[in-house]
Amino acid sequence: MKFKQAWLGNFVLIFTLGSIMTGCSGNSSKEGGNQSANEQTEQTTDDGREIVGNVYVSGLPVVKDKYEFTLFMPGADGMDEIDSYNKLEEITNVDVKWDVPSWAEVGEKKNLMFASGDYPDVLAGWLLSDDEIMKYGPKGVLVPLEELIEKYTVNIKKMLEESPEVRKAITTPDGHIYTIPLVQKQANTKSVMHINKQWLDKLGLQAPKTTDELYTVLKAFKEKDPNGNGKQDELPLSFMYNGTNNSQFGLFGSFGRVDSYDHLVVENGKVLFTAAHNEWKDAVVYLNKLWKEGLIDQEVFTHDWAQWEAKGMTPLYGVTLDWDGYESLGKEHFKEYEMLLPLVGPSGQQPIWPDPDPSIFRSQFAITSAAKEPAAILRWLDQMFPAVTAEGLNETLYGPKGEGWTTSDDGKFKALVVPTPEGEKPKWTKIGGFPNYWPMMEKTEGVYMGADNVERENYKIIDLEKAYAPYVNKEPFPPIWLTPEQQSEVSSIKADILKATDENMARWVTGEGDINAEWDKFQKSLEKMGLAKLLEIYQAAVDSYNNQ
């Protein structure tokens, strides 16, 4: 499918024991799990709250009698030692038994789980593929959640009401919602360009505005020793080939069409394969021109992340493409660079910049048929789900206001650094990647990274977003669903096409092949490998999504 898991950063997840949630009216689920609201009588308790079986419809605790469920999620060890989760158990009367395998063993455990039919109550994190959701949802392994959300949740329901695109993305073709997503409403740029300002000043150059001017500047960076060490060791342009947020794709928009890792884009509702069009060819020809003259880092096709980052810390780069500049340059050297806007290409038209990946990661939390009280689990989750406000997000990530964060006199967010005694677990925080795997709603009007990264985050979500907004592609590829049959057919075609495209691109950029001489033959090979069928399948999926 055309839905990528981008790197989300090492956020800090902190549960807020905020305001008590109020209930919502609606119908409870008729399917999935061992609990059916239709089979249980809805009653009113002495305190005036509605209760269905053992589950209160609103208020706290969530259940009358203690309820325990199992949660399977890789990479989240130590959750039962975090103070906030212990407090959550107290106020909800719901206890979680965490099963947190390492990433090395999760594949085997998941396969065994599906083969045996012995499921935990909840599957969470980067665990389920779209194909698995489409397969095991209709089979009854995953519980449909849409009616439970309507009746038993406040925050999740609010998120779906205020963000209809999220509901659309997580609703499968059979009309059900089987998972609760991670929604990351972050900066609107996938990557950005930065140029070495010190080198420009030393050589008396201005930042380039066109692809021709970029060529001239890169040539000066290579030949005129701007770092002053007497060596021609400068790397005028560097990126991570086909990287998620630090690749060559941004440069392609200067030639009339953005590119992506699988070369699939949508224009006016029509699915296109970029490498079948002349705009893509023109961009490759330009990159070959830069390569032939040594203006591109000669390791872009081979270096790994650590090697790429290490070169930037030297620093040796003239121009880089990455998430925010800090990735490839580091905090110390970043101040030596300035933002470089998208470049006008040969046509003279305004360039297009790649949009971010769809930031709706829909596989984060699924309740299985093993759960005896799906409504209780969903109500427990709802207490943790961030309110869809900046303050609610800050509380969720940092804990109560005044303990993990506060606001300055001008109302801006300020993280409070609270040292954790040696040998103890943080009171409110869980350091690491855990929030990457947890369903939540993020917004950019609050700064939600650690105190050391506040300046960096502001730069990304305010300065870069504002500067790049006019150029960002306005028609991103939607988070479509492919049926198991479509996925099977796509897999057999797409792998061959992408392999041929990427191998040829590397050959053509480095001069091992001649794109002009080989272009027609390449196009015929794409058709022979099934490009028309691939586009037909994706077009049907995009049309289905748009017609919801």
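Oh and the sequence shown: position 218 is 227 in my numbering, straight run, nothing missing.
Here a beta-carbon is modelled for each residue, glycine too, at the ideal position from N, C-alpha and C.
Simplified DSSP state of residue i, which is helix, strand or coil
{"i": "His185", "result": "coil"}
{"i": "Ala559", "result": "Outside the modelled stretch of the chain, which goes from 10 to 557, sits residue 559, for which no answer is possible."}
{"i": "Ile361", "result": "coil"}
{"i": "Gly321", "result": "helix"}
{"i": "Ala133", "result": "strand"}
{"i": "Asp418", "result": "coil"}
{"i": "Met538", "result": "coil"}
{"i": "Phe282", "result": "strand"}
{"i": "Pro245", "result": "strand"}
{"i": "Ile204", "result": "strand"}
{"i": "Lys344", "result": "coil"}
{"i": "Gln257", "result": "coil"}
{"i": "Asn555", "result": "helix"}
{"i": "Thr311", "result": "coil"}
{"i": "Thr180", "result": "strand"}
{"i": "Gln52", "result": "strand"}
{"i": "Thr219", "result": "strand"}
{"i": "Ile489", "result": "coil"}
{"i": "Leu543", "result": "helix"}
{"i": "Val518", "result": "helix"}
{"i": "Leu350", "result": "coil"}
{"i": "Glu99", "result": "helix"}
{"i": "Leu26", "result": "Low confidence applies to Leu26: its pLDDT is 33, below 50, so where it sits in the model is not reliable, and the reading given next is rough at best. Three-state result, Leu26: coil."}
Supposed contact pair residue j and residue i - C-beta distance, whole angstroms, cut 8 Å
{"i": "Gly354", "j": "Thr220", "result": "5 Å"}
{"i": "Arg388", "j": "Tyr94", "result": "Wrong, their Cβ atoms sit about 16 Å apart, outside the cutoff."}
{"i": "Glu336", "j": "Glu318", "result": "7 Å"}
{"i": "Leu2", "j": "Ala550", "result": "The chain is shown from 10 up to 557; residue 2 falls before or after that span and cannot be answered."}
{"i": "Gln241", "j": "Lys228", "result": "Incorrect: roughly 12 Å between the Cβ atoms, too far for contact."}
{"i": "Pro83", "j": "Ser111", "result": "7 Å"}
Per DSSP, cross-strand counterpart(s) of residue i
{"i": "Tyr128", "result": "DSSP lists no partner for Tyr128."}
{"i": "Asp104", "result": "Glu77"}
{"i": "Phe370", "result": "Leu191"}
{"i": "Asp331", "result": "Val201"}
{"i": "Tyr326", "result": "Leu244"}
{"i": "Lys144", "result": "In the DSSP output, where bridge partners are listed per residue, Lys144 has none listed."}
{"i": "Tyr65", "result": "Ile60"}
{"i": "Val481", "result": "Trp362"}
{"i": "Ile502", "result": "Note: Ile502 sits in no beta bridge, so no partner."}
{"i": "Ala375", "result": "Leu132"}
{"i": "Lys410", "result": "Trp414"}
{"i": "Leu151", "result": "Thr377"}
{"i": "Gly386", "result": "It should be noted that the sequence gives Ile, not Gly, for residue 386. DSSP, once it has assigned bridges, lists no residue as partnering Ile386."}
Whether residue i touches residue j by CB criterion (9 Å)
{"i": "Phe310", "j": "Thr519", "result": "yes"}
{"i": "Leu246", "j": "Thr329", "result": "yes"}
{"i": "Leu390", "j": "Phe370", "result": "no"}
{"i": "Met249", "j": "Trp314", "result": "yes"}
{"i": "Met348", "j": "Ala476", "result": "yes"}
{"i": "Asp364", "j": "Val481", "result": "yes"}
{"i": "Val274", "j": "Phe531", "result": "no"}
{"i": "Ile361", "j": "Val267", "result": "yes"}
{"i": "Ala292", "j": "Ser263", "result": "yes"}
{"i": "Gly327", "j": "Asn525", "result": "no"}
{"i": "Leu352", "j": "Pro479", "result": "no"}
{"i": "His185", "j": "Leu154", "result": "yes"}
{"i": "Leu214", "j": "Asp306", "result": "no"}
{"i": "Val163", "j": "Leu169", "result": "no"}
{"i": "Ala380", "j": "Val61", "result": "no"}
Residue i classed as buried or exposed, judged by whether at least 16 other C-beta atoms fall within 10 angstroms
{"i": "Leu137", "result": "buried"}
{"i": "Glu141", "result": "buried"}
{"i": "Leu338", "result": "buried"}
{"i": "Ser372", "result": "buried"}
{"i": "Glu117", "result": "exposed"}
{"i": "Glu512", "result": "exposed"}
{"i": "Asn445", "result": "Unreliable positioning characterises Asn445 in this predicted model, as indicated by a pLDDT of 48, which lies under 50. The coordinate reading is nonetheless provided below. Asn445 should be labelled buried."}
{"i": "Pro173", "result": "exposed"}
{"i": "Asn297", "result": "buried"}
Residue i: CB within 8 Å of a non-hydrogen atom of the ligand GDP
{"i": "Leu338", "result": "The ligand GDP is absent from the structure shown, which contains no ligand whatsoever."}
Residue i at chain B interface by Cβ criterion, 9 Å
{"i": "Ala113", "result": "This model lacks chain B altogether, as it is built from one protein chain only."}
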